[in-house]
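Each residue of the sequence shown is one higher than the last, beginning at 2 in this note's numbering.
In this text, a Cβ means the ideal position worked out from N, Cα and C, and glycines have one as well.
Being a predicted model, the structure only gives us computed values, none of them experimental.
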Amino acid sequence: MSLRGNLLAISGKQSSQSQSSTQVEAQFQQRVGDMADQMRMDFQREREEITITIRQQLRNELLEEVLREMIVLMNGPDEHPFPSFQSSQQPPPPPPPPPASAF
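Take a look at the structure:
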């Protein structure tokens with residue numbers, strides 16, 4: 002084989018090796034890109050779930066506050082929705098009977 006043939010054979014091998022390393026690099030970049038996309042989607046989904054949870058908690062707290070206020074309004078001004086603050090449930094004592102000498 003001539004010197005020129007050897008050089009062509011060697012350069013051909015180098016060319017195929019560099020091409021395969023370029024392919025490996027491209028595949029690696031593709032995988033990294035796919036992983037980054039997946040991480041972004043997962044992060045977005047988690048953020049949406051957290052937002053939904055926070056909204057539900059705020060809505061529940063608001064509903065509880067409205068319920069407490071409704072109880073106060075329904076019970077009247079002397080009542081409070083919390084047991085420790087409620088006035089006694091006993092009716093007021095009856096008025097004293099009129100004196101017997103009035104008749």
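Own chain residues within Cβ distance below 6 Å of VAL33, not counting five before or after:
Along the sequence shown, one-based indexing puts residue 33 at 32. So no residue of the chain qualifies.
Where does GLY34 sit, in a helix, a strand or coil, going by DSSP?
The residue labelled residue 34 in the question sits at position 33 within the sequence shown. In this structure, GLY34 counts as helix in the three-state DSSP scheme.
Could you compute how far the alpha carbon of GLU110 sits from the alpha carbon of GLY77?
This structure does not reach residue 110, given that the chain is present from 2 up to 104, and the question cannot be answered.
Measure the alpha-carbon distance for MET75 versus GLU66 and round it to whole angstroms.
For this step, residue 75 is matched to residue 74 along the sequence shown. For this step, residue 66 is matched to residue 65 along the sequence shown. Near 14 Å, if we compare the C-alpha coordinates of GLU66 and MET75.
Just the C-alpha distance for PHE29 and GLN39, rounded to the nearest angstrom, thanks.
Position 28 of the sequence shown, counted from the first residue, corresponds to residue 29. Position 38 of the sequence shown, counted from the first residue, corresponds to residue 39. Those two C-alpha atoms are separated by around 15 Å.
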